[in-house]
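The opening position of the sequence shown corresponds to residue 521 in my numbering, with each subsequent residue numbered one higher.
For each residue, glycine too, the CB sits at the ideal point set by N, CA and C.
A short write-up of the structure that comes next.
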Amino acid sequence: MNRSAWPISLALALCLSACGGSSEEQAPPRDTADTAGAAPRTGTPAATPGTAAAADAIPATMRGRWGLTSQDCDGRDDATGLMTVTAQQLEFYESVGVLDDIEEGGADRLKADFDFSGEGMSWSRDMTLTLADGGETLVRREFGDDAAPQPFRYSRCN
521 MNRSAWPISL ALALCLSACG GSSEEQAPPR DTADTAGAAP RTGTPAATPG
571 TAAAADAIPA TMRGRWGLTS QDCDGRDDAT GLMTVTAQQL EFYESVGVLD
621 DIEEGGADRL KADFDFSGEG MSWSRDMTLT LADGGETLVR REFGDDAAPQ
671 PFRYSRCN
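Following this line, the structure appears as C-alpha cells:
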C-alpha cells in the first residue's frame, strides 16, 4: 500500500467502525424484573404451556371428517359435501379455509375469521361452528357479504 494512502485508509476504517456499533448498543435495554410473570395486556389470563396452542386452534372436539350427507363420508373422490376440520383449517372439496382470528371460543362453539382459497380465488369469511346432538352434528354459519343465507349441518363421519 502507498504510504500516503495508509493514513486515509486508517481514518476511513475508524469512521466506518464508529458507525456500526455493537449489538448491545443497538438493542433496547430489557427490564425483565417488571415483566416476568405479568399477564398479557388484553385482560385475558396468561396461557399455561398446555393451553397456549389450544387457544389459537379449532377445538379438538370439532376436528375430524364431517359430511353434509352420509355419502360424503364414504371416502369417494366426488364427496363435494365433505369437510375435514384440523387444528388450523377447514378443508372442502375445492377450497381450504385457514383459521385467521378467533373471536369467541369454547369446546362446543367457535366464532372466527377464516381466509379461504380455492379455484384460483381468495376470500375471507366470518363463521361460527357449533356442535349439537352430543357432538355428532356440526353446524356451520357464515356471515358477511356473499355468505350463505342458511346454516350447513354436517354429521360426523365414523
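Ends of the beta strand (DSSP E) at G625? 616-625
Nearest residue (CA-CA) to A580, options D646, L588, G655, D621: G655
Of all the options D635, T650, T606, which has the alpha carbon lying nearest to the alpha carbon of E624? T650
Is the Cβ-Cβ distance between E614 and T604 less than 8 Å? no
Beta-carbon proximity list for G601, same chain, < 7 Å, skipping 5 on both sides: G587, L588, T589, D592
Per DSSP, D635 forms a beta bridge with which residues? V618, S644
For G664, does the count of other Cβ atoms within 10 angstroms reach 16, so buried, or fall short, so exposed? exposed
Residues near T631 by beta carbon distance below 7 Å, same chain, minus five either side: In the sequence on display, residue 631 carries Lys and not Thr. Correct list, in chain order: E623, E624, T648.
Does the distance from the C-beta atom of S644 to that of D628 stay below 8 Å? no
Curious, which full-length beta strand (DSSP E) runs of at least 3 residues does the region 575-604 contain? 584-587
A667: which of D594, D646, D653, Y674 sits nearest, CA to CA? D646
So is the beta-carbon of R585 under 7 Å away from any non-hydrogen atom of the ligand GDP? Absence of the ligand GDP is noted for the structure shown, with no ligands found whatsoever.
With a 10 Å radius around its C-beta and 16 neighbouring C-beta atoms as the bar for buried, classify R660 as buried or exposed. buried
Do you know how far the Cα of D594 is from the Cα of D621? 32 Å
Would you give the residue range spanned by the beta strand (DSSP E) that T657 belongs to? 657-663
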